[in-house]
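Encoded as structure tokens, the structure appears first; notes follow it.
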Amino acid sequence: MFYIFCPYCDEHREEEEFHPKGQAHLSRPADPDACTDEEWGNFIYFRDNPRGIHHEIWVHAIGCRKFFNVTRDTQSYEILESYRMGSAPRITQLTDKQQS
Amino acid sequence: MTQFNRLDNGGRIDRSKLLSFEFNGQRYKGFAGDTLASALLANGVDVIGRSFKYSRPRGIVAASAEEPNAVFQLGATEATQVPNVRATQQELFDGLVSQPTSGWPSLSFDFMGVFGTLLGRMLPPGFYYKTFMFPQAAWDTYEKYIRKAAGLGRSPREPDVDTYDHLNHHTDVLIVGAGPSGLSAALSAARAGARVILADEQAEMGGSLLDSNDRLDDKPAAEWVKATLEELARYDNVLLLPRATVNGYHDHNFLTIHERRTDHRGDRAPANLSRQRLHRVRAKWVVLATGAHERPLVYGNNDLPGCMLASAVSTYINRYAVVPGSRLVLMTTNDNAYRTAFDWQDAGREVVAIVDTRAYVTGAWQEEAERRGIKVLKGKAVIEARGGQRVTGALVTGLTTDGNKVAGDSQLLRCDTLASSGGWSPVVHLSCHTGSRPVWDDDVIGFLPGKTVQRQLVAGAVNGRFALDDCLTDGASIGAEAATNAGFPAEPAIVPSARTRPETRAMALFCIPHHKRNSRAPKQFVDFQTDVTAAAIELATREGFESIEHIKRYTAMGFGTDQGKLGNINGMAVAAKSLNQTIPQTGTTIFRPNYTPVTFGAIAGRHCNDLFDPMRYSAMHEWHVKHGAKFEDVGQWKRPWYFPKPGETMQQALDRECLATRESVGVLDASTLGKIDIQGKDAREFLGRAYTNAWAKLPVGKCRYGLMCKEDGMVFDDGVTSCMGENHFVMTTTTGGAAGVLEWLELYHQTEWPELEVYFNTVTDHWATMTIAGPNARKLLAELTDDIDLDKDNFKFMDWRQGTVAGVPARVFRISFTGELSYEINVQANYGLHVWEKLFEHGAKYNLTPYGTETMHILRAEKGFIISGQDTDGSVHPYDLGMSWAVKEDKPFSFIGKRGMKREDCVRENRKQLVGIKTKDPSIVLPEGAQAVDDPNHPVPVPMLGHITSSYYSACLGRSIAMGVIKGGHNRMGDTVHYPLTDGRVVEAEICSTIFLDPKGERQNV
Ligand SMILES: [Zn+2]
Chain V
0 MFYIFCPYCD EHREEEEFHP KGQAHLSRPA DPDACTDEEW GNFIYFRDNP RGIHHEIWVH
60 AIGCRKFFNV TRDTQSYEIL ESYRMGSAPR ITQLTDKQQS
Chain A
0 MTQFNRLDNG GRIDRSKLLS FEFNGQRYKG FAGDTLASAL LANGVDVIGR SFKYSRPRGI
60 VAASAEEPNA VFQLGATEAT QVPNVRATQQ ELFDGLVSQP TSGWPSLSFD FMGVFGTLLG
120 RMLPPGFYYK TFMFPQAAWD TYEKYIRKAA GLGRSPREPD VDTYDHLNHH TDVLIVGAGP
180 SGLSAALSAA RAGARVILAD EQAEMGGSLL DSNDRLDDKP AAEWVKATLE ELARYDNVLL
240 LPRATVNGYH DHNFLTIHER RTDHRGDRAP ANLSRQRLHR VRAKWVVLAT GAHERPLVYG
300 NNDLPGCMLA SAVSTYINRY AVVPGSRLVL MTTNDNAYRT AFDWQDAGRE VVAIVDTRAY
360 VTGAWQEEAE RRGIKVLKGK AVIEARGGQR VTGALVTGLT TDGNKVAGDS QLLRCDTLAS
420 SGGWSPVVHL SCHTGSRPVW DDDVIGFLPG KTVQRQLVAG AVNGRFALDD CLTDGASIGA
480 EAATNAGFPA EPAIVPSART RPETRAMALF CIPHHKRNSR APKQFVDFQT DVTAAAIELA
540 TREGFESIEH IKRYTAMGFG TDQGKLGNIN GMAVAAKSLN QTIPQTGTTI FRPNYTPVTF
600 GAIAGRHCND LFDPMRYSAM HEWHVKHGAK FEDVGQWKRP WYFPKPGETM QQALDRECLA
660 TRESVGVLDA STLGKIDIQG KDAREFLGRA YTNAWAKLPV GKCRYGLMCK EDGMVFDDGV
720 TSCMGENHFV MTTTTGGAAG VLEWLELYHQ TEWPELEVYF NTVTDHWATM TIAGPNARKL
780 LAELTDDIDL DKDNFKFMDW RQGTVAGVPA RVFRISFTGE LSYEINVQAN YGLHVWEKLF
840 EHGAKYNLTP YGTETMHILR AEKGFIISGQ DTDGSVHPYD LGMSWAVKED KPFSFIGKRG
900 MKREDCVREN RKQLVGIKTK DPSIVLPEGA QAVDDPNHPV PVPMLGHITS SYYSACLGRS
960 IAMGVIKGGH NRMGDTVHYP LTDGRVVEAE ICSTIFLDPK GERQNV
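Order-wise, the sequence lines are chains V and A.
Under numbering that gives the first Met the number 0, residues 0 to 99 are what the first sequence spells out, in order.
Under numbering that gives the first Met the number 0, residues 0 to 1005 are what the second sequence spells out, in order.
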């Protein structure tokens, strides 16, 4: 069970208070009606499944109800950072030490 | 004949407390301080079960968690049955009742032996895969015999009478294991002021120090254990948990501890005490001081009762004052096991010989053996045990120096106990739980904990440090390091000195060769619980399995309830040798939670019966109960389902409720509908993006029905939203969808459109909602309000008004889910019951009838209104539902779902569309889920057209009605389709409009 830092509450809380909401930093196309079926299909159905760094959205569902991002290593399940919506991740690749 | 293996002196048992217990229908005596296993051995019980596959007699092998054979069913009554209890971990209490779980039909009548050969042939390696390829019928036949014989135990047939609970902790340092390393680690950390939890699976803390004759600072080790525990118990920052197995090491230093609080006190827990407790611990730092398990050697007939682990024999002698035999042969690859022979001799019994697999070995241990006059046979091994129900002899043969082949003649040593030691395997299980791979170490001859991302340190034997003085100093410094890391600068505790004999190098030997090939030799068992032999593993490698993970699955090695604690390393060694490679080349061994089996009671804790899931009640719940409502669960809500009068069937009650509503007036408790308060200057814009229809022009005081879709264009919720003020709306959702819709709105606001100023809050519980529906609804409401103008032209359909109802502030919405004249009265929840009762006070003369969810379903189906989640299933868009009127294509913003429902697949011909279904025979009510076909005589497979989503008997129409999806259904009005049912009937039906009653909507337009 994860121990997740909420960047709005500014503290670690148990995973039971959160819901995962999938891959982060996907933007809804500005003009959906201009998208081809393939483009729209990619937006709604296709997600990355990386081994290693994954940026993902979580919501502090039974806490402050804020959505935020975490950077998680999908191999070790280590959470490397939590950051607010609208900001960019600081960690985009694993250090040698983290590489397993 | 009682306790003839018990010594007169020594041990940690209390001879003044005689306990009586039952095993396999026989009564025995033991002492307080015994485990069930030590008491059975004291009584000389050799055979405690029969093996799974070959039905061979089995005895107790070990003295701790790694025991593979003595796994019993406990319980004196049906309600207190507990399967899967290791006798080595069960403390004895007076009146304990236990049964072997294997050995059906009885330990002495060897039914399986009669056709054991047959079963043995039936169950070669790969049995699971090979057999399950056969038709299902074959398995049905085997299964009941195999299950009975397999020793899986059984669950109780009556509810558990005990309670179980959970406790959450945060701690600075969690130390797993209270042996020498764990105790000294705890001292260092506790003295620095860190919050420490020290958990140990045994009744008494002290670990190996309780099993040996070791001396610390020249005093018995037990004295240091006692002093240390007394000191630790004095600290407020220390929690000592004996009888508590750390069973799982999960992500981010979350660990679960299974504490058996009363299992040692009796068949059931004393009043007001929970029987077991699951501790859920978030630890800043973890110290694993889990020790090591001794590895048995693999040789012919090594499963005969009397074949035991060397260290277990020492434990039984030193801790329980039980010598499990008279004449011992000890086979070992290392010096450490010599102490078992010394313990045996000190107990006054005969050591026949120490058989040391090493040819050239001289040192302190060999000198001590010589001093004691014990014969040591060097460069030799026991290649097979002899005997029937118990060991009677050991066949000893010379070995080549590499241990790969036998050399020279054999001699038979007469003995009744054959102890073996192949060295020690660090207990790396917990370290593996989070995915860390253990690493092979040639010096340790075992796997050590591997690299981990957890905040974890290891101390003592689990780290390959087996000598007692190393364990003590390692524990002290690791404990200090853990406390320091957790923010409590600590110094290593000063530990007592242990005088240990230097040990010479051990030999890496796992499976003893035989004169014959392994496949011809007497069975050499690797995994006792699943009856996997060395020959079976070799067969697996010959059949092409090279990865140890595949070999394990093919042979079932390690798949018992002991997870292969004894056998896995030996199995890997056999596989490695057969594949001509090293153990690390063959793979690592991985263990998963839980370390030992956990009861369902401990997992469930208090989350059972009434506390299984929160239950939500409306403000009028007590009234419903008093008036005989039957309830149904909708999400966590208890909703009235229908209100039967005495003697009424369900259908009779529904008919009466429906007719009363259509003829006069009925009332529904609608409080459970989700309600979301939406405010902000961009609230209206947001609604336009989240709903499929238009919201830009909805005036204050008006309501509108809306459909909500996901980005793929599929409907996921619906409801009425009302405009309370220019920047203020109240949205209703389905009862079950409330939380999901709120999260959905927040997701889009926070991640896509944060520039919109809008706020959402749930107000579901704030309001009590009652819907009055029927021709007399207005008359009834008029009696309860004097400040709301109910005139049909002033308070129109889809209007809402603020006012007073029954003397309390109310919001009244003129909306209808029945097609009748209908008002939804919302009052502050605390007033709900008051207003509800007032309605009935005034409603009696109109025959005001309460109705539940079932009548609501019928009434709405008569009008063709959908229920999201029943008539939709995530694959249905608004056009499929025939609800194009609820989609506003030309809104300026591309609302959620708009692009999705334009995808090629969403606009193709022949999609499943929602239609009405009328059976030709009006008395037949189709089952929901029934599949439509055009031609029931079409050869299989018959093309399916779609299924029934809603189906009822309508008393108002005097016939059955249904809705369902049909491919291209909107263009098939009047067509006949057929519904073949599971009972063989084929029901003919006609496709029709979903609106069965009052198609022009005149009933509500009054
Ligand atoms: Zn938060």
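Glycine included, C-beta positions come from ideal geometry on N, C-alpha and C.
**Study point:** Lys999(A) (DSSP reduced to helix, strand or coil)
**Key:** coil
**Study point:** Within-7 Å CB hit, Glu77(V) to chain A
**Key:** Cβ-Cβ to chain A under 7 Å: yes for Glu77(V).
Exercise for review: Could you spell out where the alpha helix (DSSP H) holding Pro583(A) opens and where it closes?
Suggested key: Membership of Pro583(A) in the alpha helix (DSSP H) is indicated by the continuous run Ile582 to Thr585.
Check your understanding: Could you give the distance in angstroms between the alpha-carbon of Thr948(A) and the alpha-carbon of Ile965(A)?
Key -> 11 Å
Check your understanding: Shorter than 7 Å from the beta carbon of Pro6(V) to some beta carbon of chain A?
Key -> no
Point to revise | Proximity to Gly646(A) [Cα-Cα], best of Cys657(A), Asp334(A) and Gly627(A) | key: Gly627(A)
Check your understanding: Does the beta-carbon distance from Gly586(A) to Ile547(A) come in below 7 Å?
Key -> It is a contact, given that the beta carbons lie within the stated cut-off.
Practice item. Work out the CA separation of Val286(A) and Gly181(A) for me, nearest whole Å. Key: 8 Å
Check your understanding: Which stretch, first to last residue, makes up the beta strand (DSSP E) that contains Glu12(V)?
Key -> Reading the sequence as shown, one finds Arg at residue 12(V) and not Glu. Where Arg12(V) is concerned, the enclosing beta strand (DSSP E) stretches over Glu10 to Glu13.
Review point. Just the Cα atoms here: how many angstroms apart are Tyr641(A) and Thr852(A)?
Key: 7 Å
Review point. If we cut at 7 Å on Cβ distances, does Ser1079(A) have a partner in chain V?
Key: There is no way to answer for residue 1079(A), as the model of chain A reaches only from 0 to 1005.
Check your understanding: Roughly how many whole angstroms lie between the Cα atoms of Pro19(V) and Tyr850(A)?
Key -> Approximately 39 Å, taken between the alpha carbons.
Practice item. Taking the CB atoms as reference points, tell me whether Ser75(V) and Val834(A) lie closer together than 7 Å. Key: Going by beta carbons, Ser75(V) and Val834(A) fall outside the 7 Å limit.
Review point. Listing by chain order, which chain A residues have their CB less than 7 Å from the CB of Arg27(V)?
Key: Within chain A, the residues near Arg27(V) are Glu751.
Review point. Are Val664(A) and Ile771(A) close, meaning C-beta to C-beta below 7 Å?
Key: yes
Check your understanding: With contact counted as at least three CB pairs below 8 Å, one residue from each stretch, are the stretch 417-426 of chain A and the stretch 246-259 of chain A in contact?
Key -> no
Exercise for review: Decide if Val986(A) is buried, meaning its Cβ has at least 16 other Cβ atoms within 10 Å, or exposed.
Suggested key: Buried: at least 16 other Cβ atoms inside 10 Å.
Review point. Identify the residues that DSSP records as bridge partners of Tyr850(A): which are they?
Key: DSSP lists Leu667(A) as partners of Tyr850(A).
Review point. For Val360(A), which residues of its own chain have a beta-carbon under 7 Å away from its beta-carbon, when the five flanking residues on both sides are left out?
Key: Lys377 and Thr503
**Study point:** Residues from the stretch 485-512 of chain A in contact with chain V, defined by Cβ distance under 9 Å
**Key:** none
Practice item. Could you pull the start and end residues of the alpha helix (DSSP H) that Leu789(A) belongs to? Key: According to the DSSP assignment, Leu789(A) belongs to no alpha helix (DSSP H), since it is labelled neither H nor E.
Review point. Secondary structure at Gln455(A), three-state DSSP: helix, strand or coil?
Key: strand
Practice item. Out of Lys564(A), Met506(A), Pro979(A) and Glu545(A), state which residue places its alpha-carbon closest to the alpha-carbon of Leu429(A). Key: Closest by alpha carbon: Lys564(A).
Exercise for review: Using a cut-off of 8 Å between C-beta atoms, extract the partners of Lys897(A) located in chain V.
Suggested key: Pro31 and Asp32
**Study point:** Heavy atom of ligand 1 within 6 Å of His833(A) beta-carbon
**Key:** no
Practice item. Leaving aside the five residues before and after Lys129(A) along the sequence, list all residues of the same chain whose C-beta is less than 7 Å from its C-beta, in chain order. Key: Model confidence at Lys129(A) stands at a pLDDT of 49, short of 50, so the residue's coordinates are unreliable; what they give is reported in the following sentence. The answer is none, since no qualifying residue turns up.
Check your understanding: Quick one: what does DSSP say Met571(A) is sitting in, helix, strand or coil?
Key -> helix
Check your understanding: Between Tyr7(V) and ligand 1, is the CB less than 6 Å from at least one heavy atom?
Key -> yes
Review point. So, does the CB of Trp103(A) fall closer than 7 Å to a CB anywhere in chain V?
Key: No answer about Trp103(A) holds up, because its pLDDT of 45 lies below 50 and its placement is not dependable.
Review point. Apart from the five residues just before and just after Arg683(A), which ones in its own chain have a Cβ nearer than 6 Å to its Cβ?
Key: Trp694
Exercise for review: Please classify Trp284(A): is it buried, with 16 or more other beta-carbons within 10 angstroms of its beta-carbon, or exposed?
Suggested key: buried
Point to revise | Any non-hydrogen atom of ligand 1 within 6 Å of Gly62(V) CB | key: Result yes, Cβ under 6 Å from ligand 1.
Point to revise | From Asp345(A), Tyr315(A), Val322(A) and Arg294(A), residue whose alpha carbon lies closest to that of Met330(A) | key: Arg294(A)
Check your understanding: Given a threshold of 16 other Cβ atoms within 10 Å of its Cβ, counted over all protein chains shown, does Tyr319(A) qualify as buried or as exposed?
Key -> buried
Exercise for review: Answer yes or no: the CB of His748(A) versus the heavy atoms of ligand 1, is any distance below 6 Å?
Suggested key: no
Point to revise | Any non-hydrogen atom of ligand 1 within 6 Å of His18(V) CB | key: no
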